[in-house]
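J.:
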Amino acid sequence: MGDGKEAKRLFAKRRSESGAVTVFLIVVFAAIFAFVAIFIDFARMFALQAETEALAHAAARSAMSSYDRELAERYGLFALGETDSNYIMSKVLQDSLQLAGRSGGLPLLGAKLESSAIEQLRPLGSYAAFERQIQEQMKYRAPIDLTVEILNRFKPMAQVMKEASNTVDLLGKLQKLYDKREAKLDELLEMQRQAARAAEGFGELLPRGSALAIDDEPLGGKISSVLDFTAQYDDYKEKVELDKKPGPGNPKYRWKIKIYRSETSKVYKQLDKIRAKAEEKHENLLLQAKALLTEARQINEQMKQTIEEAGQRAAQKGYNEVAAGPSTRDDGQVSGMEEIAAIREQSGSLVLSEELFTDLESDTDDQAAAFQQLNEEITSLRTLQSGVLSAVTSSRKLQTAVRRVGWKADKYMRSYVDRGAANVLEANMQLLESHRGSDKERKSAEKTARAKLKEATGLLARIKQFGNKLKAQQERFNQLKADYEANRDINQAASGGDEAAGAAIDNDPYRAGDSAMTDMDGLFGGLSGLMGGMTDNAFQTEYIASYFRCLDLSALNELLQGSSGTDKLNALGDQFAPERQEAEYILYGFHNPVGNIAAAYGEIFAMRLAIRTMEGFIKNASKGHPLLVLAAALLYGAEHALSDMLALTREGKIQLSEYIKVDLTYRDHLRIFLLLHGRSENRLSRMLAVIRMNTGIDTGERATYTSGRVSVSMPLWFLPGVARALGVAGVLKGNVEGSRYYAEKQADFSY
């Protein structure tokens, strides 16, 4: 009985302990289950995040694949087409999720598309997007094309063109200073001549010579000079004394005495009048002459300084870098550098010596002194007037005064008035002419060059006048201008000049030559920049040359040859439509049918003038005088540049130089000018306006960048409250609403 009770007690105790273990195990397994469940949902959340991101990227890429085919094929540009990008994105997402739902196996996610949206940004019509696509399109092609087709052609002439540019720059400046200085010196001598001419009247009133013989003459003869009244003075004095004596018939000679006094007074009066005028002229004109001499001396010093500064031109850097840079061809440098450099080295011969200016100054002072001495002797003679008229002056004193004034007059007249070897002014003129020996030939060359430039200007005017007949083409340019301005408004571009002025042809050969060489400096500066790396301007240059049309020059040839007839003119007019001169319009920006063509013509002529002038220096180096060589070189340049223009319009290409046997086409010239003018926002707007004209596509409404947003949800299997708490704590990337977890992703792509 006792054993039974003990057994029951032990069994109950074991049953009690076994229940505690069960509860304990349940608690442990519940915690483990909750922990694992949370991790399962966490894994599903992360999987949904990854899938959502993949879906967002795939959908955004699909939307970007609907680019406009015409833009891509015709211009190498990518922008969204007309298909609704939101529709494409939504369709791709729905199909992807449906495909995942139909796939076999356990649906672990049960994802559902909640929303999707795509934002279109960065229109192709914006400068930043357009420039970026041009760069991407041309980043491999532009360096090769520009190096092979432009840089390699101009590299061999870099050094000789540098010498030609330096020489035109220096001699052009010296020519202006030289002509200005010589004009001052001519004016100086003219002032001296005018002063001397004011004293010419003394030749009729005063005797000439230092050893003057004065023969006595009877009273009553003609009196028109100092010598006349001096020769009659002894007899006059005697007759005055006789008339004073009382006697029958006295005064016997009073009428002769009266006439003598009257005529002598007239001579004195005339002499004083001439003296006063000559004194005024000498005082004023010789003062002006000295001022002119000072100006001429200053100009001469400017010429010295100009020569000293000639070797410091910043433009030389571009030429040197192009000459020293690498090349895919090894043609060497064009010869002729030494000949042109030698011409420039002779520029010092144009500077006059300081000794010459000192001599001219001394001669001016001597003329003033010589007249002053003559003036003093005339004044001394005038002091005898009352004594002569009253017959109280001694004959010897009068004759001495007359001989002295005659000697001074003779000296002045021989030195400054009379023609001959003794004339100081003529000698100075001959001295100045001695260093102007080639001026006549130079002026002739300048005149001929001016005529050639005027002929080129006439051809340019013919092109411009033709524009008045192109009414239909002008209407199309008006629409093009509207598209251009609309694009500028989109880009909020600041208002400013929208036309890149072409090179106007100056009829002055020196200005035309200097302008042409300045353009050449800019070209080689641009080429040297290319050697340091491609720029946006270089990419744009090749893009324009590759994708936009330029004028068929045969139309220009017809026009310049003077074609007549309505049918021919109408046919020519079609060639001046905007779609036939796209590259020219983009380059210059004139909104009329002929402005861009005329600008290109002017720039090509300027380029040909620069190259041909370089050749002219080499061919005329033997002429000696630097300014004559310059004038001859410019004449050669003008003549051959004009011929080149006609050959280009006739054949479509011309040889780069007589010394470089490579051809340049019309399109090559436009590429060069595109490089020369540099990048501008106006040019970008003109390109986009042309694209709209040809395709009808408003690039301001075509995006190149998309930003897609996708929201996908899934049900939470375990403990949504815990997940929600973790979301509030910031542990989860998505967010939890109720029993569903939401993941949102953004995918951005651009062309």
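Note that my numbering has the sequence shown beginning at 125, numbered continuously upward.
Think of the CB as a built atom: it goes at the ideal place given N, C-alpha and C, for glycine as much as any other residue.
#1: Determine, using beta carbons only, whether I502 and V529 come nearer to each other than 7 Å.
#2: If I381 and D367 are in contact, beta carbons under 8 Å, what's the gap, nearest whole angstrom?
#3: What is the DSSP secondary structure of V548, reduced to helix, strand or coil?
#4: Roughly how many whole angstroms lie between the Cα atoms of G228 and L245?
#5: If we ignore side chains and look at the alpha-carbon of each, how far apart do Q870 and E243 end up?
#6: Straight-line CA distance for A595 to L204?
#7: Just to confirm, is the Cβ distance from V292 to G637 under 7 Å?
#8: Indicate the three-state DSSP secondary structure (helix, strand or coil) for I242 in the structure shown.
#9: Taking the alpha carbon of R256 as the reference point, which residue from F663, N806, Q616, I784 has its own alpha carbon closest?
#10: Between E407, D352, N744, Q316, which has its C-alpha nearest L758's C-alpha?
#11: Do R826 and P247 have their CB atoms nearer than 7 Å?
#12: Would V718 be called buried (16 or more neighbouring beta carbons within 10 Å of its own) or exposed?
#13: Provide the residue span of the beta strand (DSSP E) that contains D192, from first to last.
#14: Got a sec, what are the start and stop residues for the alpha helix (DSSP H) I821 sits in?
#15: Report the residue from F353, E739, Q597, A235 whose alpha carbon sits nearest the alpha carbon of L840.
#16: Can you find the residues in the same chain that come closer than 8 Å, C-beta to C-beta, to A252, ignoring five residues on each side of it along the sequence?
#17: Spell out the partners DSSP gives R884 in its beta bridges.
#18: Our contact map puts A515 next to V350 with C-beta atoms below 8 Å; I'd like the distance itself, whole angstroms only.
#19: Does P844 come out as helix, strand or coil in the three-state DSSP assignment?
#20: Could you say which of D269, E739, K535 lies nearest to P331 if we only look at CA atoms?
#21: Identify every residue that forms a DSSP beta bridge with T77.
#22: Report the CB separation of Q491 from L417 in whole angstroms; it is logged as a contact under 8 Å.
#23: For R795 and D822, what's the separation of their Cα atoms in angstroms?
#24: L684: buried (16+ other C-beta within 10 angstroms of its C-beta) or exposed?
#25: Are the CB atoms of H749 and S562 nearer to each other than 7 Å?
#26: Let me know if W531 comes out buried or exposed under the rule of 16 or more other beta-carbons within 10 Å of its beta-carbon.
#27: Around the Cβ of V814, are there at least 16 other Cβ atoms within 10 angstroms (buried) or fewer (exposed)?
#28: DSSP has P839 in a bridge; who is on the other side?
#29: Could you pull the DSSP bridge partners for A827 from this structure?
#30: Between the alpha carbons of S250 and V834, how many angstroms are there, rounded?
#31: Suppose you measure from the CA of N444 to the CA of F648; what does that come to, to the nearest Å?
#32: Mark G472 as exposed unless 16 or more other C-beta atoms lie within 10 angstroms of its C-beta, in which case mark it buried.
#33: Whose CA, out of A762, L651, V216, lies closest to the CA of F797?
#34: Who pairs with I784 in a beta bridge, going by DSSP?
#35: Which stretch, first to last residue, makes up the alpha helix (DSSP H) that contains R586?
#36: Looking at C-alpha atoms only, which residue of Q429, V860, M644 is the closest neighbour of N290?
T.: With the structure as the only source:
#1: Position 378 of the sequence shown, counting from 1, holds the residue named residue 502. Position 405 of the sequence shown, counting from 1, holds the residue named residue 529. Here I502 is near V529, since their CB atoms are less than 7 Å apart.
#2: By one-based count along the sequence shown, residue 381 stands at place 257. By one-based count along the sequence shown, residue 367 stands at place 243. Between I381 and D367, the beta carbon gap of about 7 Å places them in contact (Cβ cut-off 8 Å).
#3: Your numbering for residue 548 matches position 424 in the sequence shown. V548: helix per DSSP, three-state reduction.
#4: By one-based count along the sequence shown, residue 228 stands at place 104. By one-based count along the sequence shown, residue 245 stands at place 121. In this predicted model, G228 has a pLDDT of only 47, less than 50, meaning its place in the structure is not dependable; the value taken from the coordinates is given anyway. Taking the straight line joining both Cα atoms gives about 40 Å.
#5: Here residue 870 refers to the residue found at position 746 of the sequence shown. Here residue 243 refers to the residue found at position 119 of the sequence shown. So the alpha carbons of these two residues sit roughly 11 Å apart.
#6: Here residue 595 corresponds to residue number 471 of the sequence shown, with the count starting at 1. Here residue 204 corresponds to residue number 80 of the sequence shown, with the count starting at 1. It should be noted that the sequence gives Lys, not Ala, for residue 595. Answer to the nearest angstrom: the Cα atoms are 36 Å apart.
#7: Within the sequence shown, residue 292 is the residue found at index 168, counting from 1. Within the sequence shown, residue 637 is the residue found at index 513, counting from 1. Yes, the pair counts as a contact, with Cβ atoms nearer than the cut-off.
#8: Within the sequence shown, residue 242 is the residue found at index 118, counting from 1. DSSP places I242 in the strand class (E or B) of the three-state scheme.
#9: The count along the sequence shown starts at 1 and reaches residue 256 at position 132. Here the closest residue by C-alpha is F663.
#10: Counting from 1 along the sequence shown, the entry for residue 758 is found at position 634. It is N744.
#11: Position 702 of the sequence shown, counting from 1, holds the residue named residue 826. Position 123 of the sequence shown, counting from 1, holds the residue named residue 247. Result yes, Cβ atoms of R826 and P247 sit closer than 7 Å.
#12: As a first step, residue 718 is located in the sequence shown; it is residue number 594 there, counting from the start. Buried, by the Cβ-count rule.
#13: Here residue 192 corresponds to residue number 68 of the sequence shown, with the count starting at 1. Taken as a continuous stretch (DSSP letters only), D192 belongs to no beta strand (DSSP E), as it is neither H nor E.
#14: Taking the sequence shown and counting its residues from 1, the one referred to as residue 821 is at position 697. Taken as a continuous stretch (DSSP letters only), I821 belongs to no alpha helix (DSSP H), as it is neither H nor E.
#15: Reading the sequence shown from its first residue, position 716 is the one you call residue 840. Nearest option by C-alpha distance: A235.
#16: In the sequence shown, the residue the question calls residue 252 occupies position 128. The residues are R246.
#17: Residue coverage of the chain in this structure runs from 125 to 875, which leaves residue 884 outside it and unanswerable.
#18: Taking the sequence shown and counting its residues from 1, one reaches residue 515 at position 391. Taking the sequence shown and counting its residues from 1, one reaches residue 350 at position 226. At roughly 17 Å, the Cβ-Cβ gap does not stay under 8 Å, so A515 and V350 are not in contact.
#19: For the purposes of this step, residue 844 is taken as the residue at position 720 of the sequence shown. If DSSP states are grouped into helix, strand and coil, P844 belongs with the helices.
#20: Against the sequence shown, residue 331 aligns to sequence position 207. Closest option to P331, Cα to Cα, is K535.
#21: Residue 77 is absent from the structure shown; the chain starts at 125 and stops at 875.
#22: To locate residue 491, count along the sequence shown from 1; it is residue 367. To locate residue 417, count along the sequence shown from 1; it is residue 293. Actually they do not touch by this definition, with Cβ atoms about 12 Å apart.
#23: Taking the first residue of the sequence shown as 1, we reach residue 795 at position 671. Taking the first residue of the sequence shown as 1, we reach residue 822 at position 698. Rounded to whole angstroms, R795 to D822 spans 27 Å at the Cα level.
#24: Sequence index remark: in the sequence shown, residue 684 carries index 560 (1-based). By the 10 Å Cβ count, L684 comes out buried.
#25: Residue numbering aside, residue 749 sits at position 625 when the sequence shown is read from its first letter. Residue numbering aside, residue 562 sits at position 438 when the sequence shown is read from its first letter. Against a cut-off of 7 Å, the Cβ pair of S562 and H749 comes out as a contact.
#26: Position 407 of the sequence shown, counting from 1, holds the residue named residue 531. With 16 or more other Cβ atoms within 10 Å, it is buried.
#27: Stepping through the sequence shown from its first residue, residue 814 is reached at position 690. Under this definition V814 is a buried residue.
#28: Counted from its first residue, the sequence shown places residue 839 at position 715. P839 is bridged to R864.
#29: Numbered from 1 along the sequence shown, position 703 holds the residue referred to as residue 827. Paired residues: P247.
#30: For this step, residue 250 is matched to residue 126 along the sequence shown. For this step, residue 834 is matched to residue 710 along the sequence shown. About 27 Å.
#31: Taking the first residue of the sequence shown as position 1, residue 444 is located at position 320. Taking the first residue of the sequence shown as position 1, residue 648 is located at position 524. N444 and F648: Cα-Cα distance of roughly 9 Å.
#32: Taking the first residue of the sequence shown as 1, we reach residue 472 at position 348. Exposed: under 16 other Cβ atoms inside 10 Å.
#33: Indexing the sequence shown from 1 puts residue 797 at position 673. Scanning A762, L651, V216 for the CA closest to the CA of F797 turns up L651.
#34: Within the sequence shown, residue 784 is the residue found at index 660, counting from 1. Partner(s): S781.
#35: In the sequence shown, residue 586 corresponds to position 462, counting from 1. 563–590 is the span of the alpha helix (DSSP H), which, as asked, contains R586.
#36: Position 166 of the sequence shown, counted from the first residue, corresponds to residue 290. Looking at the Cα atoms, M644 is the closest of the given residues.
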